[in-house]
Amino acid sequence: MDLLNDNPRKLFFSFLIPAVSAAIAVATYSFVDTIVIGQNVGPDGTAACALVLPIFSIANFIALLCGVGGSVLMSKARGEGNREKGDAYFAVSLFLVCILFLTVWIVGMVFQEQLYRLFGADDILLPYAMDYGKWIFSAFPSFVLVAFLGCFIRTDGSPKFVMFVTLVGGVVNIIGDIVFVFPMNMGMTGAALATVLGSVMQAILLICYILLKRTSLHIAKPYKWLAAIQKICKIGFGAGVSQVAMMIVTFIINNQIMKYSGASALAVYGMLCTVAALFLSIFSGIGQAAQPVVSANFGAGNNERYQLVGKLGTATAVAFGLVCFGLCAIFPSQITAIFMQVTPEVEQIAPYIIRVYSISFLPMAINIFITAYLQAVSKATAATVVSLMRGVVLSAILLYILPLFMEGNGIWWAVTIAESVTAVLSLMLVIPVLCGGKNAVKKS
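Structure representation (structure tokens):
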């Protein structure tokens, strides 16, 4: 696979299919967990899933900060013809990710109950959250390493292996859910164990793939550690901050829901988080498919090639965003019935919540892809602005303001409006890059 000379359209789609397939398999973890918990434990269990969601967001933040930042710089260095420099970025990224996940892992294990309380757990929901979350946190390093190593192995030219590993983990998780939750009646604990087993299996396979030298990834001694760490964080922050933003928004939404709407609405939101995570993973997969091709050709100065991939990616994101919106807008009641035991209160409120929230999927797809594309062409500041606008700034403001006038309904409109306004901004930022000439992007 020659990123600099092969047909860029074929290269994009050769990365796209494995990336989206892997993204869907990753989302299957929480997808299946939420279904079996909702059907076995009920709405309280589904609501508790929303309280544990920040653990996955923290893991993804660390993985994407180091993985996207390091892999983009590695690919760019290879495009410039400097493979040793690329290997050095891999080494620094690996060191940084280990330091970060060990720190968070230790602190999180000690203060789990306080974390769930912070994210809106009351005395009824806290036991459910603890039963599920303590096992998820115990395997925190594997969740980080799977996403981190996937970035580098995919960029190294093995997207199909990443897809294979992800599918294996998904199968293990599904089988574990079916066995632990229903026949063994282990409830929240069983669902968590199934997720952990799937993630650990993935981590082992990815590590062995590198140790057996099936990739061209090598560790080279960096010349300037601090400078390399700064560059990695600068490039990767735009991708990672979206996960931090998700954690902050989850904190605000959970507490606002409990204030204005109650536990039934939180159960619907827990289900909706799982559906949205699936779609978000697909949108991220489109960005991950473009990044290796874009960053390598950006490093080599092949403007037309990386601009073409950017246009293909944007069109693909729009298509997927429309499909995701249509599914949720047309089938809200059916989706709810899949995920939980539908009480009369849930049946009444779920269709409106799902339909309003689903409007956000189209602008969300655009925002996620453009963030990834801007990172690949070293426009880290612009990527960070997009992530912060959609994930923190607009969402936080609207989540506090709109409920004052619309009560609980304002919560759902806040997310949709924030994504839509940000999509306009992100398109304004990326159009000059996609359509400009040789000086459209300055290399950093």
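If you count by our numbering, then the sequence shown holds residues 726 to 1169, one letter each, in order. We treat Cβ as the ideally placed atom computed from N, Cα and C, and that holds for glycine. Fair warning: this is a prediction, and the values are worked out from it, not measured in the lab.
Length-filtered (4 minimum) alpha helix (DSSP H) runs lying within the region 800-857: 808-835, 837-843
Cutoff 6 Å; reference glycine 875; Cβ partners in own chain excluding five residues on either side: Val887
For proline 947, three-class secondary structure by DSSP: coil
Assumed close pair valine 897, leucine 930 - CB separation to whole angstroms, cut-off 8 Å: Rounded, the Cβ-Cβ distance is 11 Å, inconsistent with contact.
Extent of the continuous alpha helix (DSSP H) to which lysine 1036 belongs: 1028-1055
With 16 other Cβ atoms within 10 Å as the buried cut-off, status of glutamate 1132: exposed
The region 983-995 touching the region 853-860, judged by at least three CB pairs closer than 8 Å: no
Own chain residues within Cβ distance below 8 Å of leucine 1152, not counting five before or after: Ile1091, Ile1095
Classification of methionine 834 by the beta-carbon crowding that lies within 10 angstroms, buried from 16 upward: exposed
Selection from Met1114, Gly965, Trp1138, Ser1112 that minimises the alpha carbon distance to leucine 1124: Trp1138
Contact set for glutamate 805: own chain, Cβ-Cβ below 8 Å, skip 5 residues either direction: Gly1024, Ala1025
Neighbourhood of valine 1081 by C-beta, 7 Å cutoff - its chain only, sequence neighbours within 5 removed: Trp1137, Trp1138, Thr1141
Best match in Pro1076, Thr1039, Ala854, Ile831 for proximity to leucine 1159 [C-alpha to C-alpha]: Thr1039
Cβ separation of tyrosine 985 and proline 768, assumed to be a contact under 8 Å, to the nearest whole Å: So it is not a contact: roughly 17 Å between Cβ atoms.
Local conformation of methionine 1065 per DSSP, three classes: coil
CB of tyrosine 928 within 8 Å of CB of valine 871, strictly: Looking at the sequence shown, residue 928 is not tyrosine but alanine. Result yes, Cβ atoms of alanine 928 and valine 871 sit closer than 8 Å.
Assigned secondary structure, proline 908 (DSSP; H/G/I helix, E/B strand, else coil): coil
Buried or exposed (CB count within 10 angstroms, at least 16 for buried), aspartate 902: buried
Residues of its chain near arginine 1115, where Cβ-Cβ distance is below 7 Å and the 5 sequence neighbours each way are ignored: Asn1092, Ala1143, Glu1144, Thr1147
N- and C-terminal bounds of the alpha helix (DSSP H) containing arginine 879: 865-880
Where aspartate 769 falls: helix, strand or coil (DSSP): helix
Option nearest glycine 1010 by Cα separation, candidates Lys885, Ala916, Ala773: Lys885
Three or more C-beta pairs below 8 Å linking the region 1042-1054 and the region 816-836: no
Other residues of its chain near glycine 845: CB distance less than 6 Å, five sequence neighbours each side excluded: Asn979, Asn980, Met983
Proximity winner among Ile1084, Gln1059, Ser1083, relative to glutamate 1072 (alpha-carbon distances): Gln1059
Residue range of the unbroken alpha helix (DSSP H) whose run includes isoleucine 1084: Note, isoleucine 1084: premise wrong, no alpha helix (DSSP H); not H, not E.
For asparagine 1022, the nearest candidate out of Ala802, Ala1108, His943 (CA to CA): Ala802
Burial state of asparagine 732 (16 or more Cβ within 10 Å): exposed
Cβ pair serine 924, serine 867 closer than 8 Å: yes
Three-state secondary structure assigned by DSSP to serine 1169: Caution applies to serine 1169, whose pLDDT of 45 falls short of 50 and renders its modelled position unreliable; the model cannot decide the point.
Continuous alpha helix (DSSP H) stretch holding valine 1117: start and end: Segment: none, valine 1117 is in no alpha helix (DSSP H) and carries neither H nor E.
Where threonine 940 falls: helix, strand or coil (DSSP): coil
For leucine 951 and phenylalanine 740, the rounded distance between their alpha carbons: 32 Å
Counted within 10 angstroms of its Cβ, other Cβ atoms place proline 743 as buried (16 or more) or exposed: buried
Delimiting residues of the alpha helix (DSSP H) encompassing asparagine 1022: 988-1025
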